[in-house]
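Protein chains: 2
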Amino acid sequence: MTYIDKNFHRFVTELQEAVRRPSIAAQNIGMEEAALYFKNLMEAYGINAKIIPTKGYPCVYGEIKGKSDKTVLFYNHYDVQPPEPLEEWESDPFSASIRDGKIYGRGVSDNKGNACARIQGIGTMLKLREELPVTVKFLIEGEEEIGSPNLSDFVRENADLLRADYGVWESGYMNPDGRPGIYLGVKGMLYVELFAKGASKDMHSGSATTIPNPAWHLVWALASIKNKEEQILIPGFYDDILPLTEKELEMLKDAMHEEELSEEKAREIARKNAQSLGLNNYLLDLYGLELRKRSLFSPTANICGFKSGYLGEGQKTVLPSTALVKMDFRLVPNQDPYDILEKLNTHLKQEGFDDVEVRVISLDYPVKTPAELPIVDATKEAALSVYKKPPVVSPTQGGSGPMYPFKKYLDLPMVSFGVGYWNSSNHAPNENIRLVDYKSGIKMVVEFIDKVAEL
Amino acid sequence: MTYIDKNFHRFVTELQEAVRRPSIAAQNIGMEEAALYFKNLMEAYGINAKIIPTKGYPCVYGEIKGKSDKTVLFYNHYDVQPPEPLEEWESDPFSASIRDGKIYGRGVSDNKGNACARIQGIGTMLKLREELPVTVKFLIEGEEEIGSPNLSDFVRENADLLRADYGVWESGYMNPDGRPGIYLGVKGMLYVELFAKGASKDMHSGSATTIPNPAWHLVWALASIKNKEEQILIPGFYDDILPLTEKELEMLKDAMHEEELSEEKAREIARKNAQSLGLNNYLLDLYGLELRKRSLFSPTANICGFKSGYLGEGQKTVLPSTALVKMDFRLVPNQDPYDILEKLNTHLKQEGFDDVEVRVISLDYPVKTPAELPIVDATKEAALSVYKKPPVVSPTQGGSGPMYPFKKYLDLPMVSFGVGYWNSSNHAPNENIRLVDYKSGIKMVVEFIDKVAEL
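So the sequences go chain by chain: Y and A.
Letter 247 of the first sequence, counting from 1, is numbered 247 in the working numbering, and no numbers are missing.
Letter 96 of the second sequence, counting from 1, is numbered 1096 in the working numbering, and no numbers are missing.
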């Protein structure tokens, strides 16, 4: 591991170079350049790499045979979220500035930091040893942040190429107490736009007596989807949710700080954490075990954006002609995004919102890797050895991802760990990782491969 | 009136020059230049003019003594609405292009066309006669589109200067059947922003399980303000509304097309008019008398704008940290905007929306001039003589305006007529007036002054 310490400056520079190549899939910015960068980076470390076209942005594929045919597949993505709102960044989102031991930049945590750390970890092993103990494959796609519209086809069509025994999912985060996170699944997602149209043009708001307002229609449609007690009102929405297992409950409890076992203390910790985010309390005043349960096992109905009418300064008395809402529903096993979409459509029709157009942007199934598999213990051991603290193993995570095709076409058990931390601000301004976590994250890759070799 | 026909090209050019000076109060663009333009235009026609400062944008004041001390005050404004959304304009909003017998441009109807027509009408009289039959005053303010925050003080402080016997309000519109509109009042208005804050920064939408979303808060707050049956749910909101008088009902009926008296025909006409606006039907499927009643005598709760989270293309899975709604409530006699504001605040608190901040942007009282006053008949006669069709007299209008200070400090009875038409698209893209209405509008000013002289 001294090799990693000695070469860390170079590793950081390589990550900065990756961040400095904006690759915003939603806005079709810089995609080819970023794909090429990761292909070149792999080749520089002696990994065989190629760019494979898809119907959308291409995938970068890398492979290096090891002593054994036992194979690990790393999944990452080179596309990033749009950086907006720009005015809230303290430094240029694509400058990859370093301040106070952190690298700031769009994509530094999600997901270029992880992609780089894994290439560099494997690269380190190749420098120091004749051969890897196991075979390693990389798949770095370019459409994760726009819902991976072509990944399922890609995995199906390239199943032989991608075949592996164990998969490593895109990311992982250090907890506030210094314990590294390991994740065994992802939530599913249904991302939709709700669109409503009124008159053919914006009108003077004096005519609101007689002209329908699409912004009101979306307000009422939304209010019919979730109430202020946070209950999702789409009939059948909760039907297919699996109950929490004993093992999962155990994992949740294991993840808690010892002091959280006191109710009063748990309440105080929750309040303190909420306050650090600028809130008085978490949603529904949750704390302790219930907070963790809801975070991991509850689906959501979230408004990502609402746009209608006059958005500028001051007063404009206008009756808007259109209104647009962007929403994501995070889903948990066994909710099916296609089924939820159908239920949403049926619900809106039944509530009389025939005029609200539902536009599907993306769908993802929820997936869970069974906690009993040996790969889970191997990952825990690797983490304990690197971080010197017992990892927190989560049966799933708050986020979603396109894990389902890997389960469906490759039957691949996935674990997830990475270089982020609890305040990495993925998808938000000032996204960042800590340098110390970046270094540990590279070491974790080496340790993980060695533990897998022992399986 | 042949003078007006002969000089019409010059009149149009002067209006185009006015439109080509953008004067957007909400954005502090071009205000001084526009004020100066109207001062110079008045002086060019021999009207004594000066610019009077206020705490905000200045007022332009003009005066010309007549044979009699009997005085008419014209109220207009030189500021205009912001032109956005720019992409929906078919020509530059400040180019004042002429197409198909119409002049297009922001402010051409609201309100520069009317300000110019009145100056030009009085100018015409001054060219052709030794003296005006009555004294005429002009007040052209610069803050109407931002709620006239300084007008009330201005009228109070300059009551002697502004003193008059009759007032002419800012605008008027031709109906689809070719009858000119005369209006005896304005609705009141309460314009507010509702603002809600969540976490201190935008977050990954995976955290929607535990982090409150301000966009949802505003959705629920709005849904508590008006339901989808268009009922405003703020307790006491409707309490002070005066019932319709017999005279008002008569005026409404007089305004209707003869064919509208058949229910079936009225329904068909409403549907046709709605379709010309891109709608299947008017709100609540109204038609005929009920449609007109609601248009003139109902208050509104309208969403002018809703802004939260990601507004760009494609998918961004974000949990917004702020949400902003712009709303206007149009009020009818005797609703009091300050009272409605208090009721709104109380309502939001009672419904548990303590976190929703109500920011007042502007307040206006509703005002009505009694239909029995002789000035109303004089105006009708002038209109009949110019337009050769009986005018439609509305006891009030859909729009609002700062008429209240003129009633309160000057006890001035106001009538309103002007150069617009039913499709002038005030406050919307492609605002326009018809050249034919512009010419008649100038003639109407001359005819009106002569009728007033006979009172």
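Here a beta-carbon is modelled for each residue, glycine too, at the ideal position from N, C-alpha and C.
From the options, residue whose alpha carbon lies closest to that of residue i
i, options, result
"V1134 (chain A)", "A:L1073, A:I1140, A:D1177 and A:S1091", "A:L1073"
"V482 (chain Y)", "Y:Y338, Y:D92 and Y:D177", "Any property of residue 482 (chain Y) remains undetermined from this structure, which presents chain Y solely from 1 to 455."
"V1155 (chain A)", "A:L1412, A:D1437 and A:P1429", "A:L1412"
"L1331 (chain A)", "A:V1325, A:L1348, A:K1343 and A:F1297", "A:F1297"
"H1347 (chain A)", "A:L1222, A:V1436 and A:I1433", "A:L1222"
"D1364 (chain A)", "A:E1454, A:E1014, A:P1299 and A:F1138", "A:P1299"
"F448 (chain Y)", "Y:W216, Y:P374, Y:S394 and Y:P405", "Y:P374"
"L261 (chain Y)", "Y:M444, Y:G312, Y:R292 and Y:E170", "Y:R292"
"S295 (chain Y)", "Y:G147, Y:T396, Y:A115 and Y:P82", "Y:T396"
"G352 (chain Y)", "Y:D202, Y:R271, Y:H217 and Y:A159", "Y:H217"
"V1376 (chain A)", "A:D1165, A:L1126, A:S1148 and A:I1361", "A:D1165"
"K39 (chain Y)", "Y:A26, Y:I29, Y:P22 and Y:A18", "Y:A18"
"V168 (chain Y)", "Y:F138, Y:M174, Y:I146 and Y:S148", "Y:F138"
"D1328 (chain A)", "Y:R106, Y:V445 and Y:S207", "Y:S207"
"G1188 (chain A)", "A:P1405, A:N1432, A:L1015 and A:Y1409", "A:P1405"
Local conformation of residue i per DSSP, three classes
i, result
"L363 (chain Y)", "strand"
"K1201 (chain A)", "coil"
"W216 (chain Y)", "helix"
"E63 (chain Y)", "strand"
"L373 (chain Y)", "coil"
"P330 (chain Y)", "Residue identity check: residue 330 (chain Y) is Arg in the sequence provided, not Pro. Strand at R330 (chain Y)."
"S400 (chain Y)", "strand"
"T1135 (chain A)", "strand"
"S1023 (chain A)", "coil"
"S308 (chain Y)", "strand"
"P180 (chain Y)", "strand"
"T210 (chain Y)", "coil"
"Y166 (chain Y)", "strand"
"M251 (chain Y)", "helix"
"M256 (chain Y)", "coil"
"V1386 (chain A)", "helix"
"E1087 (chain A)", "helix"
"E246 (chain Y)", "helix"
"E313 (chain Y)", "coil"
"L319 (chain Y)", "strand"
Extent of the continuous alpha helix (DSSP H) to which residue i belongs
i, result
"V1192 (chain A)", "Run containing V1192 (chain A): none in the alpha helix (DSSP H); it sits in the beta strand (DSSP E), G1188 to K1197."
"F970 (chain A)", "With chain A running from 1001 to 1455 in the structure shown, residue 970 (chain A) is simply not present."
"T124 (chain Y)", "K112 to L128"
"N967 (chain A)", "Since the displayed chain A opens at 1001 and closes at 1455, residue 967 (chain A) lies outside it and no answer follows."
"D449 (chain Y)", "What sits at residue 449 (chain Y) in the sequence shown is Ile, not Asp. Taken as a continuous stretch (DSSP letters only), the alpha helix (DSSP H) holding I449 (chain Y) covers L435 to E454."
"E290 (chain Y)", "G288 to F297"
"K1343 (chain A)", "P1337 to Q1350"
"V1393 (chain A)", "From DSSP, V1393 (chain A) is part of no alpha helix (DSSP H) but of the beta strand (DSSP E) over V1392 to S1394."
"N150 (chain Y)", "Looking at the DSSP string, N150 (chain Y) is not in any alpha helix (DSSP H), and its letter there is neither H nor E."
"M492 (chain Y)", "Look at the range of chain Y in this structure, 1 to 455, and you will see that residue 492 (chain Y) is not part of it."
For residue j and residue i, believed in contact at Cβ under 8 Å, the rounded distance
i, j, result
"G1418 (chain A)", "G1441 (chain A)", "6 Å"
"V356 (chain Y)", "A196 (chain Y)", "5 Å"
"K326 (chain Y)", "G305 (chain Y)", "4 Å"
"Y1282 (chain A)", "T210 (chain Y)", "5 Å"
"N48 (chain Y)", "N76 (chain Y)", "Actually they do not touch by this definition, with Cβ atoms about 17 Å apart."
"I1140 (chain A)", "Y1045 (chain A)", "About 14 Å separates the two Cβ atoms, so there is no contact after all."
"L435 (chain Y)", "I103 (chain Y)", "7 Å"
"K368 (chain Y)", "G185 (chain Y)", "4 Å"
Start and end residues, beta strand (DSSP E) containing residue i
i, result
"F1094 (chain A)", "Element bounds for F1094 (chain A): n/a, residue is neither H nor E."
"M1414 (chain A)", "M1414 to S1416"
"Y1075 (chain A)", "T1071 to H1077"
"A1049 (chain A)", "N1048 to I1052"
"Y104 (chain Y)", "K102 to Y104"
Short CB-CB distance (under 7 Å) between residue i and chain B
i, result
"T1071 (chain A)", "Any reference to chain B falls outside this structure, whose protein chains are Y and A."
Residue i CB to nearest heavy atom of the ligand GTP below 6 Å
i, result
"V1186 (chain A)", "For the structure depicted, the ligand GTP is absent and the ligand set is empty, with no information on it obtainable."
Proximal residues, the region 327-344 of chain Y versus chain A, C-beta separation under 8 Å: Residues passing the 8 Å Cβ filter: D328 and R330.
Residues within the region 1174-1195 of chain A neighbouring chain Y, beta-carbon criterion of under 8 Å: Using a CB distance below 8 Å, the part of the region 1174-1195 of chain A facing chain Y consists of K1187, M1189 and Y1191, ordered along the chain.
Contact residues within the region 424-437 of chain Y, judged by C-beta distance below 8 Å to chain A: So the close ones are S425, N426, H427, A428, P429 and N430.
Chain Y contacts from the region 1200-1216 of chain A (Cβ-Cβ distance under 7 Å): Going along the region 1200-1216 of chain A in chain order, one finds S1200, K1201, D1202, M1203, H1204, S1205, G1206, S1207, A1208, T1209, T1210, I1211, P1212, N1213, A1215 and W1216 with a Cβ nearer than 7 Å to chain Y.
Under 9 Å (Cβ pairs) to chain Y, residues found in the region 1053-1085 of chain A: Answer in chain order: Q1081, P1082, E1084 and P1085.
Residues, ordered as in the chain, of the region 1283-1309 of chain A that lie near chain Y by beta-carbon distance below 7 Å: Under the 7 Å Cβ criterion, the region 1283-1309 of chain A contributes L1283, L1286, L1291, R1294, S1295, S1298, T1300, N1302, I1303, C1304, G1305, F1306, K1307, S1308 and G1309.
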